[in-house]
Structures are given as C-alpha cells and as structure tokens.
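Student: Please read through the structure below; I'll follow up with questions.
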Amino acid sequence: MGRSLSLSLSLHSILVALALLSVSLVKAEDAYRDYTWTVTYGTASPLGVPQQVILINGQFPGPRLDVITNENLLINVINKLDAPFLLTWNGIKQRKNSWQDGVLGTNCPIPPNSNFTYKFQTKDQIGTYTYFPSTIMHKAAGGFGGLNVYARSVIPVPYPKPAQDFTLLIGDWFKTSHKALQQYLDSGKSLPFPDGILINGQTHSTFSGDQGKTYMFRISNVGLSTSFNFRIEGHKMKLVEVEGSHVIQNTYDSLDVHAGQSLSILVTLDQPVKDYYIVASTRFTKQVLMAAAVLHYTNSQTPVSGPLPAGPTYEIHWSMEQARTLRWNLTANAARPNPQGSFHYGNITTTTTFVFANSAPLINGKQRYAVNRVSYINSDTPLKLADYFNIPGVFSMDSIQSIPSEGPAFLATSVVPVSLHDFIEVIFQNNENAMQSWHLDGYDFWVAGYGSGQWTSDSRKAYNLHDTLTRHTAQVYPNSWTAILVSLDNQGMWNMRSAIWERQYLGNQFYLRVFNAIHSLANEYDMPTNVLLCGKAIGRHP
Ligand SMILES: *[C@@H]1O[C@H](CO)[C@@H](O)[C@H](O)[C@H]1NC(C)=O
Ligand SMILES: *[C@@H]1O[C@H](CO)[C@@H](O)[C@H](O)[C@H]1NC(C)=O
Ligand SMILES: *[C@@H]1O[C@H](CO)[C@@H](O)[C@H](O)[C@H]1NC(C)=O
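Numbering (mature numbering (1 follows the signal peptide of the UniProt record, and there is no 0)), first residue to last: -28 to -1, 1 to 514.
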C-alpha cells in the first residue's frame, strides 16, 4: 500500500463526498480512501503451535493503513466471525464524531455475516497509531494493525525524511485461544502469564537498510497487558514522535513502551556492516520474555550472534525518570502549521479535578476491576444511541464519584458527565502493586506528572506545566499516580479505559460524556445514515 493519493474514487465515495460537501463538513482537497476489509478466522503458528487467529483480508496482523493528515477514510468491515465484532482506531480523535469510535459504548457491534462502513477523517493528526478489535477478547487473536498518518506536503516535519520507515507492532502473546482466555476471565480467574512476545506477528522479523542511512521505526505496544523495553544492539535511538506529539529529540539506548502506546524513533545505521539484534523484553514481570528481530545491513555476511543485549527489567524508578524526559518540542509543529508550544496549557485554570483510583475487587466471588469502586459493565444499547434517542435506564451518570470513597465495589454502566470546553485535571491513582495504563478516546492529553505513593494537592508543585507532551495513553506505575490535563474540545461519548485488556474486559473503564445542550453541527456531527441499531435502539429512526 503506497502513500500516494488514491486516484480511483469509487462512485460510492464520490456520492458520499458530494453529500458531505453539501453540508461543508470537509474541504474539497481532502482525499477519500476506500477500503473493504473482510474479517475471518484463520490458523497461524506464531509461537510454533497452530492456533486460531483473526485475519483481515487474509493478513495477520491486519493491513497497514498509511494515510495523510485530513484524509477521509471509508472502511467497510465485513464480519465473517462467529461473534459480533468492532474495530477501534487507537488515537484517532474522531473529531465531533464519536459515532465512528468503534467501541460498545458508541457503536452496535457488527453482527456475524454483516458489515459496517466506518467513515472518518484523520483531522489535524499526524503520527503513529494502531487499530484493533474492541469486542470481547478478540484482540488476543489478532485483528490489529498499524495506522500511520503522514504530514501533508505543505507541513514540515522536524526531522529529515528517513530512507524508509518500518512499522513494528509488538506485544505479548498467548498460545491459548482468545475464547479460552475469555473463559478464564468469565469464570473469575486472572489471565496466565503470556507465552511470548511477537513482533509483527512473528518471532523472527528482519528489517534491512544501508550503512550510513537513517531509518524510522514506528513502534506500538499491541499486547494485552505487558510493558516492554525496546532496544537495538549497538545503535542509538533518536525519539522524534510520540502519539502525534513531536518531542525533543533525545537519544536513548532503550525505551519503555506500555500497553496501548506508540512512538517513533530514527536510527542511523552508523556501525560496521553486519547484523544486529532488535530486542523487546517484558518490563516489571518476574519472568522476563524476550523477542528478537534482526537489523540487517545491506551486504552483511555476519549473522547475529551472542547473547541478546540486556535492558532494564524491574527498575520502576528508571522508567518513571525516562517518562519525564518525553517533552514537547515547543517550536515544532504537529499536524498544523502553528507550533505546538503556542498552546500554553499550563496557564489554563482547571474547571474540575477527578481522582480515579483503580482497584481489583471480587464482586459476587469473581475477579473484577473497578474505578472509584465502580466496575463497568457493557449495556446492550450503546450509550451514544441511548443519549441520542433519549432512552432512559441504559447508563448512570452518578455511579462514579469524582474522588475515591470507602465502601464495597459494585457493577454499573458508568458515565462521567463533563461540559464541552471544560479543562480538567485527572489523577490516575494506582494503589495496586501492578502496572496500569490509561487510554482516553477522542483526545490527546498533557501528561503533567508522575509520582510515587498517594497524590495530594502538593503533588502539583512537581507538574511540568511548560513542555510536557500530549498523548492518548499514559502509564501509571505500581503504587503511584499519573496526572493528566485534558482540554474538552471534542463533544461526544468517549471511552476512558485501561489499555491492559484483562482489566478493561473486567470493568476498568467508563465513558466521559462531553456534552453541550446546544445542538450544533459545529460541535458534533449527526448520526451516520448507515448507523447499526441494537438493544433498546432497535426500531428507532435515525
Ligand atoms: C455494507 O456494505 C455496503 C456495500 O457493500 C454498503 O452500501 C453498506 O452501507 C454497508 N453497511 C453499513 C451498515 O455500513
Ligand atoms: C525542535 O523543532 C525545531 C523546528 O522543527 C527544530 O529545528 C529543532 O531542532 C527541534 N529541537 C529539538 C531539541 O528537538
Ligand atoms: C503563560 O503564558 C506566558 C505568555 O503568555 C508565558 O510566558 C508563560 O511561560 C506561560 N506559563 C506557563 C506555565 O505556560
């Protein structure tokens, strides 16, 4: 799949383009890209044992989406699985358009032998993202892929064009089928320890380049739960982009990437001509799993040999320190011409502070995960549709309190109400002895600070209010907190979830309802005409 503009607009997309133009939602110059993706089961043996995987157009991992800022994507997903299915676009902000977010709170799942065409724009975005199945434990079987948004030709990026760029989807992997993993969780047990780490669905990828040239590696953690450390034997890595932020271009020997996160680095092949190990190894785990790939210099006759280069394994403080070095380059632009730093986020008064504490309670004798005592359960009716059609009793807006409280945990379809244009401070308080990784759909947010122990208002003194980066997924270290600032400029129903999939599946999520009473297309698009209806929304008229 090339990066050039698609010249073959189908009649269908021209009609859609005309329809959208008539209400001037998009500019004429933003191209359309049309995809048809058929989702099926297949068999693969990524760890040497045949197992059921999810294929998209026969591929595992799924096809890579290479698109340009502001392009309009039409992705017709045909579900040939035996269960309802949705894809979500991790980090794509879906401006004014939570209708396309592809999670159960916004979309009815696509029934088996049925299809749904996602229609969205990569509005004002650039960077390294992914997509993956959001339904049940499908993610454990594949169905994920890279989603790279390249700059428009008129927008400069703050680094020379690399000779080539490689997309690395890295994640923990189980030999156990996704259905068996789901049964573990449904029966109240935790997931076992993963069996391995895959890089692009395999254990032996090779990336080739010429000595003296510089290559980009776009790295995403597509695993279910484990953080990893990434490094390349004998080579320095220059960090240039993190989830759409252009960062200060520091040089690292190795980088931690937590569940759900993405970043891109530049690597100059400045070493003697031979092959080098590329390694991803698990972080904060008793047993350390390693995945090795190969960086092959053109004309190298020397294969990799010797032990894999070592990296950090349990050093939490090291990881937190490294996280603090990720900073915005204030003078660089992102997807738009104005420099990132022209938005003085540190000068804005916050309207509300939320402290969201995660916990791992037993409810009805089963393992669950909760936020401020509430463990999320999905509704048969997407919350977005319930809101639109005024269907009562689908979700509750008063179950999650804005600060933690004492008492037993309970189940609810929890929504936190907030107002469009508020500027909120969110503290993720992790009092568990486990890693946490929090993701917010529809937004990127400033990661103001990380700290150990209990957050207090005094912790604000250590915030970076000058040049921290924005991103869509922030890790929270064991017995620690992470503070973020969010400018609520995107109306809609947005999923805030643990990117640690077992936690997400068992209740570590909720929705942020960013609301404005004035109905206006300037704030939010109308329900799409091809919307799928389900639950209590069946029979309603869009
Ligand atoms: C299913 O695909 C057809 C084209 O093959 C398309 O016209 C239709 O809108 C799709 N259905 C939905 C719900 O998007
Ligand atoms: C920041 O971005 C500017 C503008 O693109 C660039 O010239 C500069 O080298 C960058 N600085 C750092 C430290 O990355
Ligand atoms: C607030 O804005 C002013 C310029 O308007 C700037 O000099 C100052 O550094 C800003 N403070 C923060 C914390 O961003």
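Using N, Cα and C, we set each Cβ at its ideal position, and we do this for glycine too.
Small disclaimer: the values here were computed from a predicted structure and weren't measured.
How long is the line joining the alpha carbons of Gln373 and Val346, rounded to whole angstroms?
Tutor: Here residue 373 refers to the residue found at position 401 of the sequence shown. Here residue 346 refers to the residue found at position 374 of the sequence shown. The alpha-carbon atoms of Gln373 and Val346 are separated by roughly 9 Å.
Student: Compute the distance between the beta-carbons of His218 and Asn301, then report whether it is under 8 Å.
Tutor: Within the sequence shown, the letter at position 246 stands for residue 218. Within the sequence shown, the letter at position 329 stands for residue 301. Result yes, Cβ atoms of His218 and Asn301 sit closer than 8 Å.
Student: Starting from Arg296 and walking both ways along the alpha helix (DSSP H), at which residues does that stretch end?
Tutor: Taking the first residue of the sequence shown as 1, we reach residue 296 at position 324. Residues 288 to 296.
Student: Taking the beta carbon of Lys65 as the centre, do at least 16 other beta carbons fall within 10 Å, making it buried, or is it exposed?
Tutor: Along the sequence shown, one-based indexing puts residue 65 at 93. Buried.
Student: For Asn79 and Gly181, what's the separation of their Cα atoms in angstroms?
Tutor: Mapped onto the sequence shown, residue 79 falls at position 107. Mapped onto the sequence shown, residue 181 falls at position 209. Going by the C-alpha atoms only, they are around 42 Å apart.
Student: Spatial neighbours of Val398 within its chain, please: CB distance less than 6 Å, with the 5 preceding and 5 following residues excluded, ordered by chain position.
Tutor: Residue mapping note: residue 398 aligns to position 426 of the sequence shown, counting from 1. Here the set comprises Phe326, Ile456.
Student: For Ser391, which three-state DSSP category applies?
Tutor: Within the sequence shown, the letter at position 419 stands for residue 391. Note: Ser391 maps to strand in three-state DSSP.
Student: Among His207, Phe256, His230, Gly318, which residue has its Cα nearest to the Cα of Val269?
Tutor: As a first step, residue 269 must be located in the sequence shown, where it is residue number 297. It should be pointed out that residue 269 corresponds to Tyr in this sequence rather than to Val. If we check each option's Cα against that of Tyr269, His207 comes out closest.
Student: By the 10 Å Cβ neighbour count, where 16 or more other Cβ atoms means buried, how is Pro166 classified, buried or exposed?
Tutor: By one-based count along the sequence shown, residue 166 stands at place 194. Pro166 is buried by the Cβ-count criterion.
Student: With a threshold of 16 other CB atoms inside 10 Å of the CB of Met369, please say whether the residue is buried or exposed.
Tutor: For the purposes of this step, residue 369 is taken as residue 397 along the sequence shown, with counting starting at 1. It counts as exposed.
Student: Three or more C-beta pairs closer than 8 Å, one from the stretch 353 to 361 and one from the stretch 305 to 316: is that the case here?
Tutor: Flag = no, the stretch 353 to 361 and the stretch 305 to 316 do not touch.
Student: Below 7 Å, is the gap between the Cβ of Phe88 and the nearest heavy atom of ligand 1?
Tutor: On the sequence shown, position 116 is the one that residue 88 refers to. Yes, the beta carbon of Phe88 sits closer than 7 Å to at least one heavy atom of ligand 1.
Student: Quick check: does the Cβ of Asn301 come within less than 7 Å of any heavy atom belonging to ligand 2?
Tutor: Numbered from 1 along the sequence shown, position 329 holds the residue referred to as residue 301. Yes, Cβ of Asn301 sits closer than 7 Å to a heavy atom of ligand 2.
Student: On the DSSP bridge assignment, give the partners of Ala384 in chain order.
Tutor: The residue you call residue 384 lines up with position 412 of the sequence shown. According to DSSP, which records beta bridges pairwise, Ala384 is partnered with Tyr348.
Student: Mapping the DSSP letters down to three states, classify Ser452 as helix, strand or coil.
Tutor: Mapped onto the sequence shown, residue 452 falls at position 480. Ser452: strand per DSSP, three-state reduction.
Student: With a threshold of 8 Å, are at least 3 pairs of Cβ atoms found where one atom belongs to the stretch 113 to 120 and the other to the stretch 481 to 497?
Tutor: At 8 Å Cβ cutoff, the stretches do not touch.
Student: Can you find a heavy atom of ligand 5 that lies under 7 Å from the Cβ of Leu46?
Tutor: Ligand 5 is not among the ligands present in this structure, which contains only ligand 1, ligand 2 and ligand 3.
Student: First and last residue of the beta strand (DSSP E) that includes His268?
Tutor: For the purposes of this step, residue 268 is taken as residue 296 along the sequence shown, with counting starting at 1. It spans 262 to 269 - the beta strand (DSSP E) in which His268 sits, taken as one unbroken run.
Student: Cα separation between Lys161 and Glu215?
Tutor: Here residue 161 is taken as the residue at index 189 of the sequence shown, counted from 1. Here residue 215 is taken as the residue at index 243 of the sequence shown, counted from 1. About 33 Å.
Student: In the structure shown, what three-state DSSP assignment does Arg299 receive?
Tutor: The residue given as residue 299 occupies position 327 in the sequence shown. It is a strand residue.
Student: Could you check what DSSP says for Lys(-2) in three-state terms: helix, strand or coil?
Tutor: Along the sequence shown, one-based indexing puts residue -2 at 27. Below a pLDDT of 50, predicted positions are generally treated as unreliable, and Lys(-2), at 49, falls in that range; the measurement from the model is reported next regardless. Looking at Lys(-2) - three-state DSSP - the assignment turns out to be coil, as it is neither helix nor strand.
Student: Check this for me: beta carbons of Ile237 and Leu211, under 8 Å apart or not?
Tutor: One-based indexing of the sequence shown puts residue 237 at position 265. One-based indexing of the sequence shown puts residue 211 at position 239. In this structure, Leu211 lies closer than 8 Å to Ile237 by Cβ.
Student: I'd like to know whether the C-beta atoms of Thr323 and Ile396 end up nearer to each other than 8 Å.
Tutor: The count along the sequence shown starts at 1 and reaches residue 323 at position 351. The count along the sequence shown starts at 1 and reaches residue 396 at position 424. For Thr323 and Ile396, yes; Cβs fall inside 8 Å.
Student: Exposed or buried, what is Gly20 when buried is set at 16 or more other beta-carbons lying within 10 Å of its beta-carbon?
Tutor: The sequence position of residue 20 within the sequence shown is 48, counting from 1. Under this definition Gly20 is an exposed residue.
Student: How would you label Asp242, buried or exposed, when you count the other beta carbons within 10 angstroms and need 16 or more for buried?
Tutor: Start at 1 with the first residue of the sequence shown, and residue 242 comes out as number 270. The residue in question, Asp242, is exposed, as its Cβ has fewer than 16 Cβ neighbours within 10 Å.
Student: Who are the near neighbours of Val503 in its chain, counting only those whose CB is closer than 6 Å to its CB and skipping five residues on each side?
Tutor: Taking the sequence shown and counting its residues from 1, the one referred to as residue 503 is at position 531. For Val503, where only same-chain residues beyond five positions count, the Cβ hits under 6 Å are Pro514.
Student: Check whether the Cβ atoms of Ile47 and Thr10 sit closer than 8 Å, and answer yes or no.
Tutor: On the sequence shown, residue 47 is found 75 positions in, with the first residue counted as 1. On the sequence shown, residue 10 is found 38 positions in, with the first residue counted as 1. Not a contact, by the Cβ cut-off of 8 Å.
Student: DSSP state of Leu(-8), grouped into three classes?
Tutor: Locating residue -8 in the sequence shown gives position 21, counting from the first residue. Legend: pLDDT at Leu(-8) = 43, less than 50; position of this residue unreliable, no value from coordinates given.
Student: Between Lys246 and Met188, what straight-line distance do the alpha-carbon atoms span, to the nearest angstrom?
Tutor: Stepping through the sequence shown from its first residue, residue 246 is reached at position 274. Stepping through the sequence shown from its first residue, residue 188 is reached at position 216. Lys246 and Met188: Cα-Cα distance of roughly 19 Å.
Student: Given Arg485, which residues of its chain have a CB within under 6 Å of its CB, disregarding the five upstream and five downstream residues?
Tutor: Against the sequence shown, residue 485 aligns to sequence position 513. If we look at Arg485 and ignore the five residues flanking it on each side, its Cβ neighbours are Val387, Pro389, Met465.
Student: Output needed for Trp453: all residues of its chain with C-beta closer than 6 Å, excluding positions within five of it in sequence on either side, in chain order.
Tutor: On the sequence shown, residue 453 is found 481 positions in, with the first residue counted as 1. Contacts found: Ile399, Gln401, Gly423, Trp427.
Student: Using the C-alpha atoms, what's the distance from Asp413 back to Thr102?
Tutor: Translated into positions along the sequence shown, residue 102 becomes position 130. Translated into positions along the sequence shown, residue 413 becomes position 441. Near 13 Å, if we compare the C-alpha coordinates of Asp413 and Thr102.
Student: Per DSSP, Glu397 is paired with what?
Tutor: Locating residue 397 in the sequence shown gives position 425, where the first residue counts as 1. Glu397 pairs with Thr325, Leu457.
Student: Give a yes or no on contact between the stretch 258 to 266 and the stretch 290 to 305, applying the rule of three or more CB pairs nearer than 8 Å.
Tutor: As far as the Cβ criterion goes, the stretch 258 to 266 does not touch the stretch 290 to 305, which means the pair count is below three.
Student: Please confirm whether Gly34 and Gly115 have their CB atoms less than 8 Å apart.
Tutor: Translated into positions along the sequence shown, residue 34 becomes position 62. Translated into positions along the sequence shown, residue 115 becomes position 143. Going by C-beta atoms, Gly34 is nearer than 8 Å to Gly115.
Student: Do you know offhand how far Ser351's Cα is from Gly365's?
Tutor: Here residue 351 refers to the residue found at position 379 of the sequence shown. Here residue 365 refers to the residue found at position 393 of the sequence shown. Near 10 Å, if we compare the C-alpha coordinates of Gly365 and Ser351.
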